[in-house]
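Notes follow the structure.
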Amino acid sequence: MELTREEESALKGEQGEIMQMAYRILVATGEATDAEKLVPIEWAHLSGVNYNTIGDAGEEFLSSISKDARVKVKTTLNPMGFDFDSVSNYNLDENFIAKQLSIKNSYETMGVTPSFSCIPYEIFDNPKEGTQVAFAESNAAIHANSYDNLKTNKESAFSALASALTGKSPYSSLRKEDSPNLTIRMKVDNPNELTYGMLGFFAGKVGDTSVNISGLGPMDNRQCKAMCGGMGTSGTCAKFQFGDGEPGCEKVDFDEKEMQNVHDELNTAEKGDLITLGSPQLGLEEISDLTSKLKGRSFKKRCMIFCPRSVKEQARKIGYTNELERAGCEILSDCCTCLTPLINKEEVDAVTTNSIKGAFYLKNSNGVDVNLKSLSEIVEDETS
Amino acid sequence: MKKILVKGKAQGIILKSDMPINFLGTVDKKTGIISDKNHELFEKSIKDSILVFPSGVGSSVGAYTIYSIKSNEASPRAMICQKADLTVATGCALANIPLVTVTEDEFSYFKNGQKISLDTGAKNPISIND
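Okay, structure coming up:
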């Protein structure tokens, strides 16, 4: 990768340790993506916020760099471990809360907007078509490339941080016109969001940096997000392109058999002790839809709902939160199903969810079993 | 060898996986032990190995896991991949873990338990010592 004289000087450490670290990360990113130069980006979205995922080493790292590091472009933030408003209702130890607050402070000191959301594409105004951004949080990167006409790598927590601190990112193939070398033919009839989540998970496993998907009908917002979440979990793939692709493209089918394989890998329980909705977090449209589905019904067991704080505030004004709480839901902002410390195997054996991304991390990181159900099955079976 | 992503020198024993690795959530930050029951390295520790695997996959936060295992002295001494993904590339860059990519043929040549030396500054960066 070619660097300008100024970039070279930063890499040598002539502009301080923080810039040297950032450029070292950008150079590794550039090598990994075969980029020939760095280009400006307008928006960075960072992952690496939840103390549950970054641990003491991450907390100490952020605390140390925040003394000098300042972001150069608009920078937003992924969810953390809990919701400030209700943290006392959950059995989190003081150390967790203190370390999480330190992480929050470090990001705020660096000038990051504390949005605590994994759906930046839904709660912020999207910039104009073709804008270069740097999104860590895999579902957000895939959504940005596939649905929002933005351009990003499937950034890592560190490459997005380096981009926030420098305002630059390597000019990789995903940032240019990328054409996928594989087409997945969707063959499953009557898909719901769970089907799309499994399709995404399958696509992530077979795809390289991008895939074509053919045979898709119209999809609602919930289904789009489920597909992005599933794909981000299983692979390195960062973009869907809709249609058959180039004639010479290799073709792979996603049919009942392929879907069953994903289902068997992630579904490990017949029923759950509690229900979680939101990985990715729910947006206002999904909250509104859930409210109408729950009219006159109540959950028979605990149901945790995860959404961004701004969505929860809007939902409160409209009256949705009252309705959902009446139906027995716990509404949490600032955090997410994915890697939440609020669900642990000492208290819970199995969780019911409609999220493929949530299922993977609940199983592997939280160590609980997972029962997969679509939202309409959840409402049908788990409420009365 | 295809590319040097993070420079450095290391010697050790190969721990090889034909399956990709999702560092976040499936590699223990303190011990380097793999917790995914469906993974071929389930219950094995990647600590002090020369870790050979096709690529990293999944969450962007996996880069912090790599940084954490290095800080907790539970990291591999070097990593060798077929494909460079950003999680592994940037995690290794920050943690100073040497990282190179190799061709499919070279990848298939590596076997579990082989003694290997990696020196990205040398003429032949990879040598198998058995």
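So the sequences go chain by chain: R and L.
Residue numbering for the first sequence follows our numbering, starting at 45 and increasing by one per position.
Residue numbering for the second sequence follows our numbering, starting at 139 and increasing by one per position.
Quick reminder that beta carbons are idealized off the backbone N, C-alpha and C, glycines included.
Within chain R, no C-beta atom comes nearer than 8 Å to that of G259 (chain L); the closest sits roughly 16 Å away. If you ignore the 5 residues before and after T225 (chain L), its C-beta comes within less than 7 Å of the C-beta of F161, G194, S198, G200, A201, all in its own chain and listed in chain order. Contact note: I98 (chain R) reaches chain L through K167, V199, Y202, T203, Y205, S206, using a C-beta cutoff of 9 Å and chain order. The C-alpha of F245 (chain L) lies about 42 Å from the C-alpha of F126 (chain R). Of all C-beta pairs linking the segment 391–398 of chain R to the segment 157–171 of chain L, fewer than three are shorter than 8 Å, placing the two stretches out of contact. Rounded to whole angstroms, the separation of the alpha carbons of T48 (chain R) and S206 (chain L) is 32 Å. Residue state for V306 (chain R) is assigned as helix, using DSSP reduced to three classes. If you compare the alpha carbons of R:A204, R:R229, R:E237 with that of L416 (chain R), the shortest gap goes to R:E237. The C-alpha of R266 (chain R) is placed about 15 Å away from the C-alpha of P352 (chain R). Take A148 (chain L), set aside five residues on each side of it, and the residues of its chain with a beta-carbon closer than 6 Å to its own are R215, A216, P236, L256, in chain order. M348 (chain R): member of the beta strand (DSSP E) spanning 347–350, first to last residue. Taking the beta carbon of V144 (chain L) as reference, the chain R residues within 8 Å of it are A72, listed in sequence order. With contacts defined as CB atoms closer than 8 Å, T196 (chain R) and F179 (chain R) qualify as a contacting pair. S132 (chain R) is not bridged by DSSP to any residue. Residue nearest to L179 (chain L) within the set L:K261, L:I152, L:K145 is L:I152 (criterion: CA-CA distance). For G229 (chain L), a Cβ of chain R is located within less than 8 Å of the residue's own Cβ.
Cβ-Cβ distances below 8 Å link L243 (chain R) to I228, M230, V232, P235, I257, M271, G274, F298, M303 in the same chain, with the five nearest sequence neighbours on each side left out; the list follows chain order.
Nearest CB-CB separation between G196 (chain L) and chain R: below the 8 Å threshold. A Cβ-Cβ distance of about 7 Å is found for the pair K345 (chain R) and I319 (chain R), placing them in contact under the 8 Å criterion. By the Cβ criterion, the segment 160–168 of chain R is in contact with the segment 119–133 of chain R, since at least three pairs of Cβ atoms, one from each stretch, lie closer than 8 Å.
DSSP, reduced to helix, strand and coil, places F160 (chain R) outside both helices and strands of the structure shown, so it counts as coil. The C-beta separation of G402 (chain R) from T427 (chain R) comes to about 20 Å, leaving the pair out of contact by the 8 Å criterion. At a cut-off of 3 residues, the continuous stretches assigned as beta strand (DSSP E) that sit fully inside the segment 86–144 of chain R are 87–90, 118–121. Secondary structure at F404 (chain R): helix, using DSSP grouped into helix, strand and coil.
The alpha-carbon separation between E367 (chain R) and T384 (chain R) amounts to approximately 24 Å.
Of all alpha-carbon atoms in L:K261, L:F248, L:T203, L:G259, the one lying nearest the alpha-carbon of N267 (chain L) is that of L:F248. Rounded to whole angstroms, the gap between the alpha carbons of D174 (chain L) and N408 (chain R) is 6 Å. When the Cα atoms are used, S107 (chain R) and E294 (chain R) turn out to be separated by approximately 47 Å. By the Cβ neighbour-count rule, F286 (chain R) is exposed, with fewer than 16 other Cβ atoms within 10 Å of its own. Within the same chain, Cβ atoms closer than 8 Å to the Cβ of E46 (chain R) are found at E80, K81, the five residues on either side in sequence being excluded. Listed in chain order, the non-local C-beta contacts of L419 (chain R) below 8 Å within the same chain comprise N236, E237, R266, L321, L334, K337, N398, local neighbours out to five positions each way being set aside.
Counting only unbroken stretches of 4 or more residues, the alpha helix (DSSP H) elements lying wholly within the segment 196–264 of chain R are 201–210, 237–250, in sequence order. Counting the other Cβ atoms within 10 Å of the Cβ of G92 (chain R) gives 16 or more, which makes it buried. For M65 (chain R), the chain L residues whose Cβ falls inside 8 Å of its Cβ are L232, in order along the chain. Contact annotation: in the segment 380–411 of chain R, residues whose CB is within less than 7 Å of a CB in chain L are L383, Y405, N408, S409.
Scanning chain R for C-beta atoms nearer than 7 Å to the C-beta of L162 (chain L) yields T97, reported in chain order.
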